[in-house]
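Trainee:
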Amino acid sequence: MKLNNKLLGNLALSLWLGGVGAEELLVDHLDPLPYDEKLSLRQVVEATFENHPQGSVIAALKDESQALAQRADSLIAGYPLLYLQYIDDRYWSNQGIVQIQTGYQIPVWMWGQRSASRALAEDAEKSANLYAVAIKHEIAGLVREALWNLKLMENRRGLAQQVYDVSKQLFATVKRRVELGDLARSDELMAESDLLDKQSQLTVAEAEVMHARKAYGNLTRLDKAPQQFEENRSSIAEIHEQHPAIAAANAVVERAQAEVEFTRLSKQGNQPSILVGTQHERFDRGGSFNNEANLVLQIPIGGEAWNAPFVAQANVALNQKFADRAALLRKLERALHEAEHNLEVDQATLEIANQRKQIAETHLRMSHLAFESGEIQLIDYLKIQTNAQAAIRDALERAILVQRDTAFYNQVVGVVP
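Just so you know, we're using this note's numbering here: the sequence shown kicks off at 2 and counts up by one.
1. If you run the structure through DSSP and keep just helix, strand and coil, what is Asp74?
2. Taking the alpha helix (DSSP H) that Asn388 belongs to, which residues open and close that run?
3. Which residues does DSSP list as the beta-bridge partners of Leu296?
4. Identify every run of the alpha helix (DSSP H) within the region 185-241, keeping only runs that are complete inside it and at least 4 residues long; order them along the chain.
5. I'd like to confirm the pairing. Which residues does DSSP put opposite Pro108 in its beta bridges?
6. Alpha carbon to alpha carbon, how far is Ala400 from Val261? Give it in angstroms, no decimals.
7. Tell me Arg423's beta-bridge partners as DSSP assigns them.
8. Taking DSSP's pairing of strands, which residues face Gln86 in a bridge?
9. Between Ala354 and the rest of its own chain, which residues show a CB-CB distance below 7 Å, the 5 nearest in sequence each way excluded?
10. Go through its chain and collect everything with a Cβ distance to Arg157's Cβ below 6 Å, but skip five positions before and after it.
11. First and last residue of the alpha helix (DSSP H) that includes Gly269?
12. Arg186 to Leu383, Cα distance in whole Å?
13. Within 10 Å of its beta-carbon, does Ala126 have 16 or more other beta-carbons around it, so buried, or fewer, so exposed?
14. If Ser235 and Asn52 are in contact, beta carbons under 8 Å, what's the gap, nearest whole angstrom?
15. With which residues is Gln291 paired in a DSSP beta bridge?
16. Per the DSSP calculation, Tyr36 is bridged to which residue(s)?
17. Rounded to whole angstroms, how far is the Cβ of Leu121 from the Cβ of Phe263, which I believe are closer than 8 Å?
18. What are the boundary residues of the alpha helix (DSSP H) that includes Arg157?
19. Which residue wins for smallest C-alpha separation from Leu402, given the options Leu329, Arg145, Gln162 and Arg366?
20. Apart from the five residues on each side of it in sequence, which residues of its chain come closer than 7 Å, Cβ to Cβ, to Lys169?
21. Distance check for Thr174 and Ile393, CA to CA, integer angstroms please.
22. Is it the case that the Cβ atoms of Tyr217 and Leu31 are separated by a distance below 9 Å?
23. DSSP state of Trp307, grouped into three classes?
24. If we count the other Cβ atoms within 10 Å of its Cβ and call it buried at 16 or more, is Leu190 buried or exposed?
25. Leu276 and Tyr132 look like a contact to me (Cβ under 8 Å); what is the Cβ gap, rounded to whole Å?
26. Do the region 108-115 and the region 279-295 meet, that is, are 3 or more Cβ pairs less than 8 Å apart?
27. Since Leu333 and Ala246 are thought to touch, with beta carbons under 8 Å apart, how far apart are those beta carbons, to the nearest angstrom?
28. From Asp188 to Ile380, what does the alpha carbon distance come to, in whole angstroms?
29. Check whether the Cβ atoms of Trp149 and Ala349 sit closer than 9 Å, and answer yes or no.
30. Just to confirm my understanding: we take His244, look at its own chain, exclude 5 residues before and 5 after, and list those with CB closer than 6 Å. What are they?
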């Protein structure tokens, strides 16, 4: 009884098992995830973005920018007040003097304050919109990571299944030869131990696939995944100002600058005001009231020392935004270097791995024939088989890593699918 050479050759094939109708598992725990060839990476990112918890934050930021715009469009600069004053000397001199003053006090904008408020509203709206773009870019990175991790786990599970099938057939062959007296009982125990080891590896690989599927579903809230999501490497070679994260950071800085200017002009609500009212007075209880109009203009002067701490606090916040932006730029530059280097290394090692794979396949076929003819012992054949399987597995995984590195490079330079 001989091993199936076709089965041995299949070790060189990568399995992308998505979309298989029925899956035979060693452990009865299945998280099904069908693969849709019509579903694109962009659609997955869009769907994930729509369902992401950060959506409520984006909506709140947009509501805030609308509230700031509403304030800037207002004709008054604060809370209007009703004014009422009543004076009666009944309980003092009792000469019959009565005074009644009424009015409506309206805060007005100081010079340049309204334009500063409008600039703050515009910068807040811009910041909210760019924050949404940055979040979508961040989500694209999470989706890319989840999909490529899923593909790696599926590939490992497929290879583990093939290795297990080969080991199972080898065990059957060895057991038959032991029964015929061609091999010793110790060889059967050795083949059985190898089979159990391969079964254990397959069980772990199946579990990792289920974990990867669950992670993808938990992130995207979708019950299917795209069949194809490979990307071409972007031509962008540096971190530019249009990068979603950098653009959002710039918008945050601009908003903080507008906050400083508005705080400097606002003087914490100590606004100029106009009081329009009436005054009614009489000098004896039986007499009639004298009615007069009342117009009061209040203009705050000075007080910069009291407003200085608030301006300083706004300036501290501004400088923190500057520091955050600089730290972000350094982080992205470092990530870009790592992405470039990882891609170059995996591309170079892929060529080497493919050469090792060809050698391993040839060596595996030769050792199989040698074992069948009795030229080598089972233990030597198992060692050769293990080394060959590792070389084949490395080549197939390196091919996936190159595609993954390409997607990660696009993520670093700011490409949103």
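We put the beta carbon where it would ideally sit given N, CA and C, even for glycine.
Mentor: On the basis of the data shown:
1. helix
2. Leu379 to Val413
3. Val277
4. Runs of the alpha helix (DSSP H) lying entirely within the region 185-241 and spanning at least 4 residues, in chain order: 186-221.
5. Ser274
6. 52 Å
7. Nothing about residue 423 can be reported from this structure: the residues present for the chain run from 2 to 418 only.
8. Gln102
9. Asp395, Ala396 and Arg399
10. Ala206
11. For clarity, residue 269 is Gln in the given sequence; the question names Gly instead. No alpha helix (DSSP H) contains Gln269, which DSSP labels as neither H nor E.
12. Spanning the two alpha carbons is a distance of roughly 16 Å.
13. The residue asked about is misnamed: residue 126 is Glu in this sequence, not Ala. Buried, because 16 or more other Cβ atoms sit within 10 Å of the Cβ of Glu126.
14. With a contact defined as Cβ atoms closer than 8 Å, Ser235 and Asn52 miss out at about 27 Å.
15. Correcting the residue identity first, residue 291 is Asn in this sequence and not Gln. DSSP output for Asn291 lists Glu282 as bridge partner(s).
16. Beta-bridge analysis with DSSP links Tyr36 to Ala226.
17. 5 Å
18. That run of the alpha helix (DSSP H) goes Gln114 to Leu181.
19. Arg145
20. Leu196
21. 23 Å
22. Between Tyr217 and Leu31, the C-beta gap is not smaller than 9 Å, which leaves the two residues out of contact.
23. helix
24. exposed
25. 42 Å between Cβ atoms; not a contact.
26. no
27. 7 Å
28. 8 Å
29. no
30. Gly415
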